[in-house]
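Here the sequence shown stands for residues 1 to 200, numbered as in full-length UniProt numbering.
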Amino acid sequence: GLLGGTMPGADEAAAMRQLLEYLDDPRFDRVIVDTAPTGHTLRLLQLPEIMDSMLGRVMKLRQRFSGMMDGIKGMFGGSDDPDPSADLDELRDRIERLRTVLRDPEQTDFRVVMIPEEMSVVESERLVARLDEFEIPVNTLVVNRVMEGIGDVAGGIDPEWVVEPNPETCDFCARRWEVQQSALRRATDLFRGRDVKRVP
């Protein structure tokens, strides 16, 4: 392409623009972003780097051709417009501010949500590694849909009134229990030093 790089996806660019607006809005103390699956999230998080790179190229092109454009405008009596690169500078400043906020553990808490299955653990490991590369803090991982006794997670409920999967009498439940326990052990080992929370 003209700028020698991949153009960001429209969805990711729109999400990033919205996030920048929320950051600048004094009505919000906290912004919670429920991100899409891993691939979309990574594209979204790469956007500040991509946009910064693209803006750099645009600004270089603008500088390279500004003398020629001034000459052409002068030949045809064009008026002096305010500096059009000011908008690009402002956008670059906002992107840098977003990058700073995303990397600041006082302002950002990225929580990875997964299920207790091998593929989900692998995908979460990949996501956490990429977030580490972006220097985005990840302190908590949430493991959703964990098979646990209702009495262990919800007080005040009479277990007699609830039908729970029983690995001792249900072969499917026993296999699923083993798969989950294996995935939970791996997640606990992989994400040592981070808080791994279980949710039924």
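Glycine is no exception: its CB is placed at the ideal position from the N, C-alpha and C atoms.
Beta-carbon spacing of residue 130, residue 19 below 7 Å: no
Beta-carbon proximity list for residue 110, same chain, < 7 Å, skipping 5 on both sides: 131, 136, 137 and 138
Delimiting residues of the alpha helix (DSSP H) encompassing residue 143: Run containing residue 143: none in the alpha helix (DSSP H); it sits in the beta strand (DSSP E), 140-143.
Nearest-angstrom Cβ-Cβ length linking residue 142 and residue 199, presumed shorter than 8 Å: 6 Å
Residue 27, DSSP secondary structure in three states: coil
Nonlocal neighbours in the same chain, by C-beta distance under 7 Å from residue 194, ignoring five residues either side: 138, 139, 140 and 141
Beta-carbon gap between residue 116 and residue 184 smaller than 7 Å: yes
Burial state of residue 16 (16 or more Cβ within 10 Å): buried
Spatial distance of residue 99 from residue 176 (CA atoms): 41 Å
Between the CA atoms of residue 112 and residue 96 - distance to the nearest angstrom: 24 Å
For residue 170 and residue 34, the rounded distance between their alpha carbons: 35 Å
Residue 188 vs residue 179 beta-carbon contact at 7 Å: no
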